[in-house]
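Participant: Residue numbers (my numbering), protein chains in the order written: chain A, 6 to 266; chain V, 6 to 266.
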């Protein structure tokens, strides 16, 4: 197992176009990588459309989707590579923290904030790099390798994570990664500076084959049964946030790259 | 009661900056118009922030909000006045119709699509015009006048409405307007070309003081009790869409002007 090369942790904003060329999350389901390809077009009309497409995705108006439109690959790359993605993230963090400060922390350790991991606390640019940025449309997805090389999303999310810890929230990490990736996931998180979570919940044998929405709802429900109050939840997928046993407030962080149902 | 001047129905995209200067929906609750004011700034950083703010609003990450940030009044006006708002609307309609075509219509008239009215089927630019576009920050909100001069949102939404009718959906209009505005609301709708809805549900005496989310959830629940299946729901407010008895798919259309809880 290779530990994540640190240089990559700052390359998230440098290589986003390449990052778009594969779609790991869809592939987790299908074991086949679906590769959007740029059609090379750029026009004001295309930019306007692609911005509308991103909004439809982020609001869940698009529902289930597979790969981004080929006419939007370059537009999404510019979004991730420019200032907008970081700004979007940052404004969400501001709203989340403004809400968090209104929560009365009981002091019994039962006040929970849930985070998803991939594309929420960590990004997976390293995977893209090691896999040639998706040269083939049918390269088998290597989930083990994918999970071994997660990297931190800079600034905004660490600011949120640390501020919530400081406010006294109990941090629960709830990921679609499998239980056998526990050690490497903990390494990924510590390598980029996260610490102090109360629980790291991964998919166990009983969770295989469940939709992300069901699996995550069931896990939240168990927390509630154990007396935890789920005040906040942050994820890049609507399946991190919807279903049952939802948090008092859910915060959807941007991900125009892939969709997990 | 003045019937709506027809010239105004095409002025929606001409006068949006002015439309931003008051906030009718918030005012419905408070009877005081809160007026965002432009602070006159324009910079790339401000544009980036304002785009992030709009995304936070449209995804419901912002939660409850009152008036738009003064630094974003001009940016939101440009959004509404340019191509982006219409494009955003259009892409949502495409996704809604793609979903609608997958619904098996039973033929018993029980397959429902719900629409909100204000800022969903109609826009209220006429109100803004008649009230001097919000010169004062404390002008009392005139809900009767506001409701008498609604106008149609051009193109996208009528395309959606008519396509859903043609597919065989039973159209239910569910609005926060009061029951005593029934006639004028019907006039508003017919004036801009809507027809053929099955029900128009307005707030009755028992609904006064309820949040929009509760009122609309209760009304949806009643429909379900009557054997209707709510396949789709379209609204400009999250309170049109969330709560209980939600539709199979909900479609949030843009509204960066005001928020109704």
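Ideal Cβ positions, reconstructed from N, Cα and C, are used throughout, including at glycine.
Could you please tell me which residues of the region 59-70 of chain A, in chain order, have their CB closer than 7 Å to any CB of chain C?
Facilitator: Reference to chain C is not applicable here, since the protein chains of this structure are A and V.
Participant: Residues of chain A with CB closer than 9 Å to the CB of residue 164 of chain V, please, in chain order.
Facilitator: The sequence position of residue 164 of chain V within the second chain is 159, counting from 1. Under the 9 Å cutoff, chain A gives no residues; its nearest Cβ is about 15 Å from residue 164 of chain V.
Participant: Are the region 211-230 of chain V and the region 244-253 of chain V touching, with three or more C-beta to C-beta distances below 8 Å?
Facilitator: They touch, by the three-pair rule.
Participant: Quick one: which chain A residues come within Cβ less than 7 Å of residue 204 of chain V?
Facilitator: Taking the first residue of the second chain as 1, we reach residue 204 of chain V at position 199. Residues of chain A passing the Cβ test: none, with the nearest at roughly 25 Å.
Participant: So residue 240 of chain V and residue 101 of chain V are supposed to be a Cβ contact under 8 Å. How far apart are they, rounded?
Facilitator: For the purposes of this step, residue 240 of chain V is taken as residue 235 along the second chain, with counting starting at 1. For the purposes of this step, residue 101 of chain V is taken as residue 96 along the second chain, with counting starting at 1. With 8 Å as the limit, residue 240 of chain V and residue 101 of chain V do not qualify as a contact, their Cβ atoms being about 12 Å apart.
Participant: Are the C-beta atoms of residue 120 of chain A and some chain V residue less than 8 Å apart?
Facilitator: Counted from its first residue, the first chain places residue 120 of chain A at position 115. False, the Cβ-Cβ gap to chain V never drops below 8 Å.
Participant: DSSP state of residue 225 of chain V, grouped into three classes?
Facilitator: Mapped onto the second chain, residue 225 of chain V falls at position 220. Correct three-state label for residue 225 of chain V: helix.
Participant: Compute the Euclidean distance between the alpha carbons of residue 79 of chain A and residue 47 of chain A, then round it to the nearest angstrom.
Facilitator: Stepping through the first chain from its first residue, residue 79 of chain A is reached at position 74. Stepping through the first chain from its first residue, residue 47 of chain A is reached at position 42. One C-alpha to the other measures close to 8 Å.
Participant: In the DSSP assignment, what residue or residues form a beta bridge with residue 257 of chain A?
Facilitator: In the first chain, counting from the first residue as 1, residue 257 of chain A sits at position 252. Bridge partners of residue 257 of chain A: A/240.
Participant: By the 10 Å Cβ neighbour count, where 16 or more other Cβ atoms means buried, how is residue 195 of chain A classified, buried or exposed?
Facilitator: Taking the first chain and counting its residues from 1, one reaches residue 195 of chain A at position 190. Classification of residue 195 of chain A: exposed, given that the 10 Å Cβ count is below 16.
Participant: Pick out whichever of V/166, V/81, V/57 has its Cα sitting closest to the Cα of residue 263 of chain V.
Facilitator: Your numbering for residue 263 of chain V matches position 258 in the second chain. Taking only the C-alpha atoms, the option nearest residue 263 of chain V is V/81.
Participant: Spell out the partners DSSP gives residue 97 of chain A in its beta bridges.
Facilitator: Here residue 97 of chain A is taken as the residue at index 92 of the first chain, counted from 1. The partner list for residue 97 of chain A (beta bridge, DSSP) is empty, contrary to what the question assumes.
Participant: Does the beta-carbon of residue 193 of chain A have 16 or more other beta-carbons within 10 angstroms, so that it is buried, or is it exposed?
Facilitator: Walking along the first chain from the start, residue 193 of chain A turns up at place 188. Buried, since its Cβ has 16 or more Cβ neighbours within 10 Å.
Participant: Go ahead and pull the three-state DSSP assignment for residue 47 of chain A.
Facilitator: Sequence index remark: in the first chain, residue 47 of chain A carries index 42 (1-based). In the structure shown, residue 47 of chain A sits in coil (DSSP, three-state: anything other than H, G, I, E or B).
Participant: Sorted by chain position, which residues of the same chain lie with C-beta nearer than 6 Å to residue 234 of chain V's C-beta, five sequence neighbours on each side aside?
Facilitator: Here the question's residue 234 of chain V lines up with position 229 in the second chain. Cβ within range, chain order: 115, 116.
Participant: Excluding the 5 residues preceding and the 5 following residue 191 of chain V in the sequence, name in chain order all residues of the same chain whose CB lies nearer than 8 Å to its CB.
Facilitator: Counting from one through the second chain, the residue named residue 191 of chain V turns up at place 186. If we look at residue 191 of chain V and ignore the five residues flanking it on each side, its Cβ neighbours are 205.
Participant: Just the Cα atoms here: how many angstroms apart are residue 118 of chain V and residue 184 of chain A?
Facilitator: Sequence index remark: in the second chain, residue 118 of chain V carries index 113 (1-based). Sequence index remark: in the first chain, residue 184 of chain A carries index 179 (1-based). Going from the Cα of residue 118 of chain V to the Cα of residue 184 of chain A covers about 42 Å.
Participant: Quick one: is residue 249 of chain A buried, meaning 16 or more other Cβ sit within 10 Å of its Cβ, or exposed?
Facilitator: Here the question's residue 249 of chain A lines up with position 244 in the first chain. Label assigned to residue 249 of chain A: exposed.
Participant: Look up residue 177 of chain A in the DSSP assignment and give the residues it is bridged to.
Facilitator: Reading the first chain from its first residue, position 172 is the one you call residue 177 of chain A. According to DSSP, which records beta bridges pairwise, residue 177 of chain A is partnered with A/119, A/204.
Participant: Once DSSP output is grouped into helix, strand and coil, what is the label at residue 266 of chain A?
Facilitator: Here the question's residue 266 of chain A lines up with position 261 in the first chain. DSSP places residue 266 of chain A in coil when its eight states are reduced to three.
Participant: State the beta-bridge partners of residue 235 of chain A as determined by DSSP.
Facilitator: Position 230 of the first chain, counted from the start, is the residue given in the question as residue 235 of chain A. Looking at the DSSP assignment, residue 235 of chain A forms a beta bridge with A/117.
Participant: Mind the definition here: the region 86-102 of chain V touches the region 54-69 of chain A only if three or more C-beta pairs lie below 8 Å; say whether that holds.
Facilitator: Touching, per the Cβ criterion.
Participant: With a Cβ-Cβ cutoff of 8 Å, do residue 173 of chain A and residue 110 of chain A count as a contact?
Facilitator: Locating residue 173 of chain A in the first chain gives position 168, where the first residue counts as 1. Locating residue 110 of chain A in the first chain gives position 105, where the first residue counts as 1. Yes, these two residues count as a Cβ contact at 8 Å.
Participant: Give me the chain A residues within the contact set of residue 89 of chain V, using Cβ-Cβ distance strictly less than 8 Å, ordered along the chain.
Facilitator: As a first step, residue 89 of chain V must be located in the second chain, where it is residue number 84. Within 8 Å Cβ-Cβ: 53, 56, 57.
Participant: Which residues mark the beginning and the end of the alpha helix (DSSP H) in which residue 4 of chain A is found?
Facilitator: This structure cannot settle anything about residue 4 of chain A, because the visible part of chain A is limited to 6 through 266.
Participant: Roughly how many angstroms separate the alpha carbons of residue 165 of chain V and residue 50 of chain A, rounded to a whole number?
Facilitator: For the purposes of this step, residue 165 of chain V is taken as residue 160 along the second chain, with counting starting at 1. For the purposes of this step, residue 50 of chain A is taken as residue 45 along the first chain, with counting starting at 1. Distance between the alpha carbons of residue 165 of chain V and residue 50 of chain A is about 22 Å.
Participant: Here's the rule I'm using: 16 or more other beta-carbon atoms within 10 Å means buried, otherwise exposed. How should residue 229 of chain V be labelled?
Facilitator: Taking the first residue of the second chain as position 1, residue 229 of chain V is located at position 224. It is exposed - the Cβ of residue 229 of chain V has fewer than 16 other Cβ atoms within 10 Å.
Participant: Assign residue 232 of chain A to buried or exposed, taking buried as 16 or more other Cβ atoms, counted over all protein chains shown, within 10 Å of its Cβ.
Facilitator: Position 227 of the first chain holds residue 232 of chain A. That one is exposed.
Participant: Quick one: what's residue 183 of chain V bridged to in DSSP?
Facilitator: Locating residue 183 of chain V in the second chain gives position 178, counting from the first residue. For residue 183 of chain V, which the question treats as bridged, DSSP gives the partners V/208.
Participant: Whose CA, out of V/180, V/126, V/84, V/177, lies closest to the CA of residue 162 of chain V?
Facilitator: As a first step, residue 162 of chain V must be located in the second chain, where it is residue number 157. It is V/126.
Participant: Going by CA-CA distance only, name the one from V/197, V/226, V/99 that's closest to residue 169 of chain V.
Facilitator: Reading the second chain from its first residue, position 164 is the one you call residue 169 of chain V. Among V/197, V/226, V/99, the Cα nearest to that of residue 169 of chain V belongs to V/99.
Participant: Confirm, please, whether the CB-CB distance from residue 66 of chain V to residue 257 of chain A is below 8 Å.
Facilitator: Mapped onto the first chain, residue 257 of chain A falls at position 252. Mapped onto the second chain, residue 66 of chain V falls at position 61. In contact: residue 257 of chain A and residue 66 of chain V (Cβ atoms closer than 8 Å).
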